[in-house]
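Each remark here refers to the structure printed beneath this line.
Numbering (my numbering), first residue to last: 2 to 333.
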């Protein structure tokens, strides 16, 4: 494969040809980012007018691009997974976490911790924040959900016991801290518990499953938000990760009782809607998430990877005018 992806390596095809003076080896170096602000590194790849680089854009301005006005539910899933929608006002250093988490409400869920954390910023990391939000210790007056009143209208309310709700319906946690640096992050011992590992098969038996990856995956373009999956606010690295989690779970599970006192949070169960989404998702998966589908995806990914690496990438694709195919056309 040597020389296949390069334009100026023809001498490699002939081992007797002398090396040219321009043909020098360059030792590759790792891009050093520890200690730097995560978005400070990422935003250079974003468009100048994007929230990540527009210094005059607030968090609220960025939210309006892909979230609803009331309770901030995700209405544009594609934009919600775009790092460039993160406002440039972020000043807190936030390291990244590798891997994918799959915590499951209503049954034990656990996953490894793989990160380089600091005691101050560690709680802001993607998976850490999810565990902290669901460990039944949230402030009663700081958790808001969408509530339904006697007039069948909806509005946000803070009269919702998040701790009790989490205690009865959530079971999130880490399986271990050993991949965490420095020294397995001992400062997590007092705030994050450790749970026994649970196989993916057992996790999938749960009624609700949260896929908390920060990266786009191969199946994202094949599933439609609100028809096959329920989107969560996944923007990084702000403190409002998962700020719609309790509203969504309260919507499907139900909470409180209908009362004339509108200050009391109430939301009826929407189990039928949950079953409908699950049924549609199952049918869709049988059509577009098959083994052969991921094989085709991997082939296209490798072809694109080869194209990106090729120095001749601007002219490597098909450049004809279409006339070359005339002899294959059937004339009637």
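By construction, the Cβ of each residue, glycine as well, lies at the ideal position given by its N, Cα and C atoms. Model, not experiment: these values are computed from the prediction.
Let me check understanding here. Comparing Cα to Cα, which of 43, 51 and 72 lies closest to residue 234?
Among 43, 51 and 72, the Cα nearest to that of residue 234 belongs to 72.
Can you tell me whether DSSP reads residue 238 as helix, strand or coil?
Only weak support exists for where residue 238 lies, its pLDDT of 48 falling under 50; the value from the coordinates is given anyway. Residue 238 falls in the coil class under three-state DSSP.
Out of 244, 201 and 281, which one is the CA nearest neighbour of residue 230?
Here the closest residue by C-alpha is 281.
Kindly indicate which residue of 84, 64, 274 and 246 has the alpha-carbon position closest to the one of residue 46.
Of 84, 64, 274 and 246, the residue nearest in Cα terms is 84.
Please classify residue 200: does DSSP put it in a helix, a strand, or coil?
Three-state DSSP puts residue 200 in coil, outside helix and strand.
With which residues is residue 157 paired in a DSSP beta bridge?
147, per the DSSP bridge assignment.
Using only alpha-carbon positions, find the residue among 178, 134 and 232 that is nearest to residue 168.
It is 134.
Where does residue 44 land, buried or exposed, given buried means 16+ other C-beta within 10 angstroms?
Under this definition residue 44 is a buried residue.
Can you tell me where the beta strand (DSSP E) holding residue 175 begins and where it ends?
Unbroken beta strand (DSSP E) run through residue 175: 175-177.
Could you pull the DSSP bridge partners for residue 226 from this structure?
DSSP, once it has assigned bridges, lists 230 as partnering residue 226.
Where are the alpha helix (DSSP H) runs, 4 residues long or more, that stay fully inside the stretch 252-296, in chain order?
272-289, all fully within the stretch 252-296.
Identify, in the order they occur along the chain, each residue of the same chain with its Cβ nearer than 8 Å to the Cβ of residue 305, setting aside the five sequence neighbours on each side.
Excluding positions up to five away in sequence, the list is empty.
Among 191, 75 and 188, which has the Cα closest to the Cα of residue 225?
Answer by Cα proximity: 75.
What is the rounded straight-line gap between the Cα of residue 252 and the Cα of residue 245?
Using only the alpha carbons, I get a separation of about 11 Å.
What I want to know is whether the C-beta of residue 286 ends up closer than 8 Å to one or more non-hydrogen atoms of the ligand FMN.
In the structure on display, the ligand FMN does not appear, and there are no ligands present to speak of.
If you follow the alpha helix (DSSP H) that residue 128 is part of, which residue opens it and which one closes it?
Residue 128 -> alpha helix (DSSP H) spans 127-134.
Run through the DSSP bridge pairs and tell me what residue 75 is partnered with.
According to DSSP, which records beta bridges pairwise, residue 75 is partnered with 68.
Could you compute how far the alpha carbon of residue 90 sits from the alpha carbon of residue 218?
Residue placement at residue 90 cannot be trusted, given a pLDDT of 45 that sits under 50; what the coordinates show is reported in the next sentence. Taking the straight line from one Cα to the other gives about 27 Å.
Rounded to whole angstroms, what's the CA-CA distance from residue 232 to residue 290? Just pull it up for me.
Distance between the alpha carbons of residue 232 and residue 290 is about 19 Å.
Over what stretch of residues does the alpha helix (DSSP H) that includes residue 166 continue unbroken?
Its alpha helix (DSSP H) spans residues 163-170.
Out of 284, 129 and 42, state which residue places its alpha-carbon closest to the alpha-carbon of residue 223.
Comparing Cα-Cα distances from residue 223 to each of 284, 129 and 42, the minimum goes to 284.
Going straight from the alpha carbon of residue 53 to that of residue 81, what length do you get?
One C-alpha to the other measures close to 13 Å.
Since residue 247 and residue 166 should fall inside the 8 Å C-beta cutoff, what is the C-beta to C-beta distance between them, to a whole number of angstroms?
That belief holds up - the Cβ atoms of residue 247 and residue 166 are roughly 7 Å apart, short of 8 Å.
Just to confirm my understanding: we take residue 63, look at its own chain, exclude 5 residues before and 5 after, and list those with CB closer than 6 Å. What are they?
52, 86 and 88, listed in sequence order.
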